[in-house]
Every structure is written in C-alpha cells, then in structure tokens.
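Okay, so here's the structure we're looking at.
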Amino acid sequence: MESSSKRRKLDHSGSGLRHDALIDFEARSSARVSTASTFVLQTDELLKEAKLDYGKALKHVDANLHRLKEAIDTATPHGPEPITEVTSRFEKKHRIVIPYPDPKPAKDAPYKLSFEKPGSYNVVGSYVAKTMVKSQAQFGIDMVVQMPKAMFQEKDFTSMRYFYRRAYYIAYIAANVKKELGDSMDIGFEYLNENPLLPVLALRPKAEEEETDAKEINGKASKKKAKVMKSPYTIRLIPCAPDGLFPKSKLLPRSNNNRSGESDDKKTQARTPFYNSTLKAEETFISYLRVLTHAKNECPALTDACVLGRIWLQQRGFGSSISQGGFGHFEWSVMIALLLQMGGRNGHAALSNSLSSTELFKAAIQFLSATDFNKTPFVFGSSKISADSVREAGPVMYDP
Numbered sequence: 001m002e003s004s005s006k007r008r009k010l011d012h013s014g015s016g017l018r019h020d021a022l023i024d025f026e027a028r029s030s031a032r033v034s035t036a037s038t039f040v041l042q043t044d045e046l047l048k049e050a051k052l053d054y055g056k057a058l059k060h061v062d063a064n065l066h067r068l069k070e071a072i073d074t075a076t077p078h079g080p081e082p083i084t085e086v087t088s089r090f091e092k093k094h095r096i097v098i099p100y101p102d103p104k105p106a107k108d109a110p111y112k113l114s115f116e117k118p119g120s121y122n123v124v125g126s127y128v129a130k131t132m133v134k135s136q137a138q139f140g141i142d143m144v145v146q147m148p149k150a151m152f153q154e155k156d157f158t159s160m161r162y163f164y165r166r167a168y169y170i171a172y173i174a175a176n177v178k179k180e181l182g183d184s185m186d187i188g189f190e191y192l193n194e195n196p197l198l199p200v201l202a203l204r205p206k207a208e209e210e211e212t213d214a215k216e217i218n219g220k221a222s223k224k225k226a227k228v229m230k231s232p233y234t235i236r237l238i239p240c241a242p243d244g245l246f247p248k249s250k251l252l253p254r255s256n257n258n259r260s261g262e263s264d265d266k267k268t269q270a271r272t273p274f275y276n277s278t279l280k281a282e283e284t285f286i287s288y289l290r291v292l293t294h295a296k297n298e299c300p301a302l303t304d305a306c307v308l309g310r311i312w313l314q315q316r317g318f319g320s321s322i323s324q325g326g327f328g329h330f331e332w333s334v335m336i337a338l339l340l341q342m343g344g345r346n347g348h349a350a351l352s353n354s355l356s357s358t359e360l361f362k363a364a365i366q367f368l369s370a371t372d373f374n375k376t377p378f379v380f381g382s383s384k385i386s387a388d389s390v391r392e393a394g395p396v397m398y399d400p
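In structure tokens:
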C-alpha cells in the first residue's frame, strides 16, 4: 500500500518522543498524488459499512439516561456512620449485597461511610463520541457520576478505603434505581473492564411483550405475545473521584498503598502498581472527556481514526478489559488525542491536527509498533517523572 508521507526515524531513548512528529506530513500537499490510494479508498468504504445508525440501533437511550438521572436524584443523603453498622442495616433493608472488593472491610474497621448526591453527571465514551460500529459484540453507554470530595478523608488512598466508599456509593444508588426503574430495567453489578476493584451498575432494558399476528386457526386470526428486545444495549453507571482528590505523588507505581492483609515486613517493601493506577484513573474520567472533546474540535478526522482503531483492535482481540490486554478503543482514542497535543520534541505535538483519518491511523500504528513499552515506559508530556519510576512488569504508557 502506498503512502504519500515521508517517515522519520524515531528515537525512544528518553521518556518522551525525540522527534518532530511520528510521521512528517508537513509537506504532504506537494507530495500527494492526484488520485487517492487504494488504502484510503478501502478505509472510506469500510467506514461507510461499519458506522452505526444510532437512531435505529439505540432507541430510547437518551430517555432512559434521563430517567436514570432522575432516579439517582431521589436518593436521600446521610451523614457518616460506622461501616459495619451501615452495611448490615443497608443489606437487610434492601436485600442488596454491597460489592466490597476483597479483602472485605474488617468487622472492627474504624471507617465511617456517608452518601451525598453526585457532584456532576456526564455521559462519556463511544456513545457521545459517535465511534460505535455495527460489529461490536454489545453496545454500552457509560454515565459517570462524580462523588463529592466532602465524602472522603485525606488517607483514603490507602488500604482499600477509597474502594470501600465507592462500593457503598454505587450500592446505595442501586437501591434507589431498583425502586424507580426495576419494572422496566434489569439491574445488577458488574466489574468495569473486569477490574475487581471497580464495581459498576449495569442496566439493561427488559424484553417487552408485543402482540403479533399468528397463523389463522379455524378461519380466525389469533394473537399471541412474544418477547421482543427493543433496545439491545447496556447502560453502565460508573462512580468516579473528583479532580485532585489525592496527591499524584502518592499514586506512582512504586508506592505501596494497599497494606490490607500484609505482614509487617512486607508493608514497607511491596509495590502496588495495579492498585495505584486504578486509583489514579478514577480521577481521569472528566479530564479525559475534556481532552477528547478538545481534540475532536481541533482535529475533524479524529472520530474516523478512532473508528478505524476500534475495528483494528477488535479484529485482533484487543480491548479495555483485563482479559483482552487492557488496551482497547478508549485507550486508543486517548493516545491519539494526547499525541495531538504533546509527545514531540521540545514539548510540541507529535501529530498535526490537519491529518486525515487514515494518516492518523497509520501514525498510531507506527507509534505502537516502533515503541518498546516493556523496555522503556513511555511518559507523555515534558514531565520530570523518570521512566524508571513508572516501570512495571508489563508494557507501560503513562500520562502524568
């Protein structure tokens, strides 16, 4: 396949990209041939075939999101109460088991739990970005509710305390949503991207009974009821942390923040990189929404580049879930959005906003194939954080 673009050699000796751009498209206007390449024509056709008709495939989504927000607003706030007492009373009253991660809170835990209404509601992900494709195994719509900062304490990043508060928060919301929407929605918990620290509330529209014409019996047309699924999608309600809840310096991969169940000699030695990165990511939902929205406004081709990336990753079995490698459509989209802002030499952007969707796609593939994330963790921006400080056992792409 042809490419009208000149390529520059990448140097990954440092924590950032040591080049002007991943691919030099600055002079592409003079190098472009008069006719589109076969690759461009193929991708254009692929995009036409793959894009989803949201009106047909995802009926009533907006109405259900509005109903969900109204149901959450019915929840009554309450002040701090001992975790053991509030857990026992809640589970008996609502017959809902709070999805605390393991290890569960100790019976003598001194923590107190409270509930306040969300500080903000935001629909995020592929639904608002319009990057879903027909071939997806399932369609998911993500609504993020930001937990108020007043609910937390300074040391809640340690020993599972944040995740206990988060689990109670989503369970408390679930009780109210079940009361308001239980007749029309199937409601349950699932883990966000299979991460056992992050239970979310999953809502699926129930199958509706619809009368259909049956064959004539004794000369008379009869009616029968059949269950028809009107909306084949799942709404996921995701609690998240407010910006700046915990110091970033405390959440580096080398830190040990989860000391539950450890012996004293291990408490000062073991790193908890997965725990730390999960906690750090809890503050990024809204900030990444802003990053993606800004990038989309500045670079019109970003949406189609993300659709191409989704298809490419899907064909190879990659996804955001742990069992699929932890690198899916969301990670792809954020990666390109960040490279449109930074990643180049002297803090400049690695990619130009004027690139086409196929050029962005090629650049992203080149970046992934040319960078050894196992050997040298890639750190976005001009951060003073060294690659060694964020090194883990597997590949690392780190956004300070």
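The sequence shown lines up with residues 1 to 400 when you count with full-length UniProt numbering. Note that beta-carbon positions come from the ideal geometry of N, C-alpha and C, so glycine has one too.
Does chain B have any CB closer than 8 Å to the CB of residue i?
i	result
residue 331	No chain B is present in this structure, which holds just one protein chain.
Below 8 Å on the Cβ atoms is my contact criterion, and I expect residue i with residue j to pass it. Report the Cβ-Cβ distance as a whole number of Å.
i	j	result
residue 160	residue 297	Actually they are not in contact, since the Cβ atoms of residue 160 and residue 297 sit about 39 Å apart, beyond 8 Å.
residue 329	residue 340	No, residue 329 and residue 340 are not in contact; Cβ-Cβ is about 17 Å, not under 8 Å.
residue 143	residue 65	6 Å
residue 282	residue 240	5 Å
Using a Cβ-Cβ cut-off of 7 Å (strictly less than) and excluding sequence neighbours within five positions of residue i, which residues of its own chain qualify?
i	result
residue 390	252, 253, 377, 379, 396 and 398
residue 71	176, 177, 180 and 181
residue 273	253 and 392
residue 373	395, 396 and 397
For residue i, which residues of its own chain have a beta-carbon under 6 Å away from its beta-carbon, when the five flanking residues on both sides are left out?
i	result
residue 302	295 and 296
residue 30	For residue 30, the predicted model reports a pLDDT of 39, less than 50, meaning its position is unreliable and no value from the coordinates is stated.
residue 327	318
residue 128	none
residue 388	none
Could you say which of the options lies nearest to residue i if we only look at CA atoms?
i	options	result
residue 293	279, 277, 333 and 112	333
residue 299	326, 187, 338 and 281	338
residue 113	369, 273, 321 and 87	87
residue 68	247, 50, 145 and 115	145
residue 361	349, 155 and 310	310
residue 288	184, 124 and 46	124
residue 76	372, 202, 169 and 244	169
residue 275	156, 291, 384 and 130	156
residue 141	150, 135 and 130	130
residue 440	321, 358, 79 and 305	Outside the shown range of the chain (1 to 400) lies residue 440, about which nothing can therefore be said.
residue 80	243, 151 and 353	151
residue 346	358, 381, 354 and 375	381
Please state whether the Cβ-Cβ distance between residue i and residue j is less than 8 Å.
i	j	result
residue 236	residue 177	no
residue 194	residue 323	yes
residue 116	residue 82	no
residue 368	residue 233	no
residue 167	residue 100	yes
residue 238	residue 308	no
residue 246	residue 198	no
residue 171	residue 90	yes
residue 84	residue 107	yes
residue 249	residue 271	no
On the three-state DSSP scale, how would you describe residue i?
i	result
residue 400	coil
residue 393	coil
residue 67	helix
residue 185	strand
residue 299	coil
residue 151	helix
residue 54	helix
residue 384	coil
residue 80	strand
residue 347	helix
residue 326	coil
Under the criterion of a Cβ to heavy atom distance below 7 Å, does residue i qualify as lining the ligand MN?
i	result
residue 336	No copy of the ligand MN occurs in the structure displayed, which carries no ligand at all.
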